[in-house]
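Q: Chains as they are written, first to last, in the working numbering: chain U, 1 to 202; chain S, 203 to 493.
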């Protein structure tokens, strides 16, 4: 169990060095992605001007406030509450994000599936678990919204956050085929029969 | 007692914001209870982060979770309350929209086909507004529940048959918890509806999922099931966030309605650990806020 302090972006060897149960803290850029913007890019042929090569993206759509454009708020958006959404809905986008956009790390909650685990192995990436439903805390790790793209999809725009001490995040899926979610799921399903028997189900 | 629509609008606005920021005391106690009993090291850390978040949200007056949810308002009308129903509904809707624009809040509501977001937290049929009646003299209560989508996306209905017995109900609940894994943001409140028609069964599951912790089913069979199912669910090892541990659910809640001789329906609806709700009581003495 190693702790990794990453200043984004990172290299493939850095991503491949991550093992489940390691922890990670991020500094610098973090992209916000989710349902509508990923559907726009991969199903509707829209392009993003963001270069995510070597970067991390979080499954999110923040609460923001419109403010005058300033050095602190260059987009005219101030972050109010930034949290994490359920990753499972974005499963089919992991492989193309890694292959076509060079993304290295996905931050989310609840885990991703077999397709994503294979993509992490093939392209060199990892899934970092954040604690879902703890957005007030997460917001304290966000310094600013640096940029925004596809903002007609607001709040499901692609956000570029600047973060400081973002974490610790738990490596829950790595590039070596390990997934904490699969492990927990396997153990839980193995307990199903006993649990039902104790409930008197024949 | 006459209800003023403008006051209802202000209260509906305030309730949405309060619900998003302050977790009810029964849920905080639920966290303390789970954290004290948890045996898994990772799970203890995860619960600790959740408890820290509750404090940070209060200290910074921020939302507990970025998911502003699907807004639900449950209205209970007592005796001797004079109110025009249509005006009450439109006042609640306006209050919900004002909370979204004025705070501001992320509008999480879109048209289901066009996916267009009006940035009002409102749309056709949303906010969901439900009406119930009570014998409380000169009292009108509005409860607000911002229902998060991570847990709402894990909702199930099974039209089991009598030959499958109560075993089908128990098996279904266990299988839903396994299927949900970490996607529902556990520890959850697992709401189980048993009986009724298909729509009533699902509504019962939602009532069960959003009921205060520490309350029990008014039906003796339902209450017994709550106890055995809570223990069973927490023996599976799914744990907080699906990362393993004892704390899979705060509780399993059961709500029951009679059903047809040919039917044995069961529905499951879950509430995430950010089990948010707020309420306001209108009496001749004024408006009092609670949970």
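All residues carry an ideal CB built from backbone N, CA and C; glycine is no exception.
Express the C-alpha separation of residue 403(S) and residue 463(S) in angstroms, rounding to a whole number.
A: 15 Å
Q: What ranges does the beta strand (DSSP E) occupy inside the segment 394 to 473 of chain S, keeping only unbroken runs of at least 3 residues that lie completely in it?
A: Within the segment 394 to 473 of chain S, the complete beta strand (DSSP E) runs of at least 3 residues are 451 to 458 and 466 to 473.
Q: So that I know if they touch, is there some Cβ in chain U lying closer than 7 Å to that of residue 252(S)?
A: yes
Q: Name the one or two DSSP bridge partners that residue 339(S) has.
A: 281(S)
Q: Please name the residue, chosen from 180(U), 150(U), 32(U) and 181(U), that lies closest to residue 44(U) on a Cα-to-Cα basis.
A: 150(U)
Q: Using three-state DSSP, classify residue 76(U) as helix, strand or coil.
A: Under the three-state reduction of DSSP output, residue 76(U) falls in the coil class, being neither helix nor strand.
Q: Residues bridged to residue 86(U) by DSSP?
A: 109(U)
Q: Among residues of its own chain, excluding the 5 on either side of residue 78(U), which ones have a beta-carbon nearer than 6 Å to its beta-carbon?
A: 65 and 67
Q: Confirm, please, whether the CB-CB distance from residue 272(S) to residue 349(S) is below 7 Å.
A: yes
Q: Over what stretch of residues does the alpha helix (DSSP H) that includes residue 212(S) continue unbroken?
A: 207 to 223
Q: Leaving out the 5 sequence neighbours to the left and right, which residues in its chain are closer than 7 Å to residue 2(U) when beta-carbon positions are compared?
A: 22
Q: For the segment 266 to 334 of chain S, list the beta strand (DSSP E) runs that are entirely contained and at least 3 residues long, ordered along the chain.
A: 272 to 281, all fully within the segment 266 to 334 of chain S.
Q: Among 31(U), 27(U), 187(U) and 190(U), whose alpha-carbon lies nearest the alpha-carbon of residue 84(U)?
A: Relative to the Cα of residue 84(U), the nearest Cα in the group 31(U), 27(U), 187(U) and 190(U) belongs to 31(U).
Q: DSSP three-state label for residue 103(U), please.
A: coil
Q: Keeping to the same chain, check which residues put their C-beta closer than 7 Å to that of residue 324(S); ignore five residues upstream and five downstream.
A: Result list for residue 324(S): 295, 298, 299 and 311, in chain order.
Q: I want to verify the contact list: residues of chain U whose CB lies under 8 Å from the CB of residue 456(S), in sequence order.
A: What residue 456(S) touches in chain U: nothing, since even the nearest Cβ is about 13 Å away.
Q: Hey, would you say residue 24(U) sits closer than 7 Å to residue 167(U), going by beta carbons?
A: yes
Q: Is there contact here, the segment 96 to 105 of chain U with the segment 360 to 371 of chain S, by at least three beta-carbon pairs under 8 Å?
A: no
Q: For residue 326(S), collect the residues of the same chain with a Cβ closer than 8 Å to its Cβ; drop the 5 residues on either side in sequence, then sort them by chain order.
A: 313
Q: What residues in the segment 55 to 73 of chain U have a beta carbon less than 9 Å from any beta carbon of chain S?
A: 60, 61, 62, 63, 64, 65 and 66
Q: Among 39(U), 4(U), 27(U) and 14(U), which one has its Cα closest to the Cα of residue 158(U)?
A: 39(U)
Q: Taking contact to mean 3 or more Cβ pairs, one atom from each stretch, closer than 8 Å, check whether the segment 238 to 246 of chain S and the segment 111 to 120 of chain U are in contact.
A: no
Q: Would you mind reading off the limits of the beta strand (DSSP E) that contains residue 488(S)?
A: Residue 488(S): member of the beta strand (DSSP E) spanning 488 to 492, first to last residue.
Q: Taking all protein chains shown into account, do 16 or more other C-beta atoms lie within 10 angstroms of the C-beta of residue 223(S), making it buried, or fewer, making it exposed?
A: buried
Q: If the cut is a Cβ gap below 7 Å, which residues of chain S does residue 185(U) touch?
A: 383
Q: Using beta-carbon positions only, say whether residue 127(U) and residue 173(U) come within less than 7 Å of one another.
A: yes
Q: Quick check: what's the CA-CA separation for residue 82(U) versus residue 136(U)?
A: 7 Å
Q: If the cut-off is 8 Å on Cβ atoms, which residues from the segment 107 to 133 of chain U count as contacting chain S, listed in chain order?
A: 109, 110, 111, 129, 131, 132 and 133
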